[in-house]
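Okay, so here's the structure we're looking at.
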Amino acid sequence: MTATDHALELVAVAAQAAHDKKADQVLAFDVSDQLAITDAFVLASSNNERAVGAIVDEVEEKLREVGAKPIRREGHKEGRWVLLDYGEIVVHVQHEEERSFYALERLWSDCPLIPLTLT
133 MTATDHALEL VAVAAQAAHD KKADQVLAFD VSDQLAITDA FVLASSNNER
183 AVGAIVDEVE EKLREVGAKP IRREGHKEGR WVLLDYGEIV VHVQHEEERS
233 FYALERLWSD CPLIPLTLT
């Protein structure tokens, strides 16, 4: 099983939105073989809480423009690790310290990376 075409479209939109707001290390993993609840994770980070918030706002706006609505949103007040759950994809925007500590890339390293074309 692999991520659906629709999920891959949402990944592309979310990743580009994060990149547009100067997010660091924007990556996406196809987790569809490992998890039944979602197809893909998008990871992005920044070095301060305000920038994390700006990235989250941009991702939400761009996904809303393509008709996607979040099922759940967690961590926005703290600005250290914000999780946006869109069902087919989950977007993690983390402060660099959280990203380093929790190392989601290592946790999901057995899942294929989704190629991103960020302009």
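In terms of my numbering, the sequence shown opens at residue 133 and continues consecutively.
Note that beta-carbon positions come from the ideal geometry of N, C-alpha and C, so glycine has one too.
These figures come from a predicted structure and were not determined experimentally.
Is the beta carbon of Leu250 less than 9 Å from the beta carbon of His138? Along the sequence shown, read from residue 1 onward, the residue named residue 250 stands at position 118. Along the sequence shown, read from residue 1 onward, the residue named residue 138 stands at position 6. 9 Å or more divides the Cβ of Leu250 from the Cβ of His138.
Rank Val163, Ile221 and Gly185 by C-alpha distance to the C-alpha of Ala155 and give the top, closest one. Stepping through the sequence shown from its first residue, residue 155 is reached at position 23. Residue Gly185 is the option with its Cα nearest to Ala155.
Mind checking whether Ala200 and Ser164 have CB atoms under 9 Å apart? In the sequence shown, the residue the question calls residue 200 occupies position 68. In the sequence shown, the residue the question calls residue 164 occupies position 32. With contacts defined as CB atoms closer than 9 Å, Ala200 and Ser164 fail to qualify as a contacting pair.
Which value, in whole angstroms, describes the spacing of the CA atoms of Ala144 and Leu248? Locating residue 144 in the sequence shown gives position 12, where the first residue counts as 1. Locating residue 248 in the sequence shown gives position 116, where the first residue counts as 1. In a straight line, the C-alpha of Ala144 is about 7 Å away from that of Leu248.
Out of Leu195, Ile187, Ala168 and Ala176, which has the shortest C-alpha to C-alpha gap to Glu141? Along the sequence shown, read from residue 1 onward, the residue named residue 141 stands at position 9. Out of Leu195, Ile187, Ala168 and Ala176, Leu195 has the C-alpha closest to the C-alpha of Glu141.
Here's the rule I'm using: 16 or more other beta-carbon atoms within 10 Å means buried, otherwise exposed. How should Leu239 be labelled? Counting from one through the sequence shown, the residue named residue 239 turns up at place 107. By the 10 Å Cβ count, Leu239 comes out exposed.
Along the chain, where does the beta strand (DSSP E) that runs through Ile246 open and close? If you number the sequence shown from 1, residue 246 lands on position 114. From DSSP, Ile246 is part of no beta strand (DSSP E); its letter is neither H nor E.
Top-ranked residue by Cα proximity to Glu237, from Lys153, Asp171, Leu175 and Thr170: By one-based count along the sequence shown, residue 237 stands at place 105. For Glu237, the nearest C-alpha among the options comes from Leu175.
Is Glu190 buried or exposed, if buried means 16 or more other CB atoms sit within 10 Å of its CB? Numbered from 1 along the sequence shown, position 58 holds the residue referred to as residue 190. Around the CB of Glu190, 16 or more other CB atoms lie within 10 Å, so the residue is classed as buried.
Considering only their Cβ atoms, is the gap separating Ser177 from Val223 smaller than 9 Å? Walking along the sequence shown from the start, residue 223 turns up at place 91. Walking along the sequence shown from the start, residue 177 turns up at place 45. Not a contact, by the Cβ cut-off of 9 Å.
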